[in-house]
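Going by this note's numbering, the first residue of the sequence shown is number 167, and it counts up by one from there. Glycine included, C-beta positions come from ideal geometry on N, C-alpha and C. Here the structure is a predicted model, which means the values were calculated and not measured.
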Amino acid sequence: LPVIGGRLEEPLPVIGGRLAGLEEAEEEPVLTLTFVEAGSLKVEFQQTAAPYIVEEVHEGGLAWGRGLEPGHRLISVAGQAVDDLEWSQLVPLLQRRPVTVAFRMDPAAQAALSGG
Numbered sequence: 167l168p169v170i171g172g173r174l175e176e177p178l179p180v181i182g183g184r185l186a187g188l189e190e191a192e193e194e195p196v197l198t199l200t201f202v203e204a205g206s207l208k209v210e211f212q213q214t215a216a217p218y219i220v221e222e223v224h225e226g227g228l229a230w231g232r233g234l235e236p237g238h239r240l241i242s243v244a245g246q247a248v249d250d251l252e253w254s255q256l257v258p259l260l261q262r263r264p265v266t267v268a269f270r271m272d273p274a275a276q277a278a279l280s281g282g
């Protein structure tokens with residue numbers, strides 16, 4: 167039995183091949199979208215600074231109906247991470263065509279949106 171802090175500890179039980187009592191930090195899946203058409207994505211972000219979290223996806227934009235939802239966090243544009251980019255650097259990247267963007271659901275933003 168392992169000793170932690172000078173006292174004898176019981177090992178964690180294994181349930182379903184995983185240690186019980188330990189929460190795994192599961193990353194949300196990445197949503198990758200490529201836009202080739204000219205026009206606006208019509209994506210509204212919560213703020214014009216990182217982290218760039220989607221506030222709303224407006225009907226009629228290129229991003230409409232593509233699986234993008236409020237709470238998604240923009241993680242890269244054209245393979246370039248965006249967390250260190252200023253808004254003025256990000257906008258021209260999003261306007262290029264073709265452009266591939268990647269989003270991941272932000273758990274904190276998702277909880278806030280659902281009232282949790």
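Nearest-angstrom beta carbon gap, residue j and residue i [assumed within contact, 8 Å]
{"i": "residue 202", "j": "residue 268", "result": "Not confirmed; about 16 Å, so no contact."}
Beta-carbon contacts of residue i that lie in its chain and below 6 Å, excluding the five residues immediately before and after
{"i": "residue 229", "result": "207, 209, 223"}
{"i": "residue 217", "result": "239"}
Same chain only: Cβ atoms within 8 Å of residue i, ignoring 5 sequence neighbours per side
{"i": "residue 234", "result": "197, 199, 209, 220, 223, 269"}
{"i": "residue 226", "result": "208"}
Proximity of residue i and residue j at Cβ, strictly below 8 Å
{"i": "residue 244", "j": "residue 265", "result": "yes"}
{"i": "residue 254", "j": "residue 248", "result": "no"}
{"i": "residue 275", "j": "residue 237", "result": "yes"}
{"i": "residue 260", "j": "residue 246", "result": "no"}
Continuous beta strand (DSSP E) stretch holding residue i: start and end
{"i": "residue 209", "result": "209 to 211"}
{"i": "residue 196", "result": "196 to 201"}
Own chain partners of residue i with C-beta closer than 7 Å, once the 5 adjacent residues on each side are dropped
{"i": "residue 212", "result": "219, 221"}
{"i": "residue 280", "result": "none"}
{"i": "residue 173", "result": "Low confidence applies here, because residue 173 scores a pLDDT of 45, under 50, leaving its location unreliable; read the following figure in that light. The answer is none, since no qualifying residue turns up."}
ask   = Unbroken beta strand (DSSP E) runs of length 3 or more, entirely within the segment 224 to 276: which are they?
value = 238 to 243, 265 to 271
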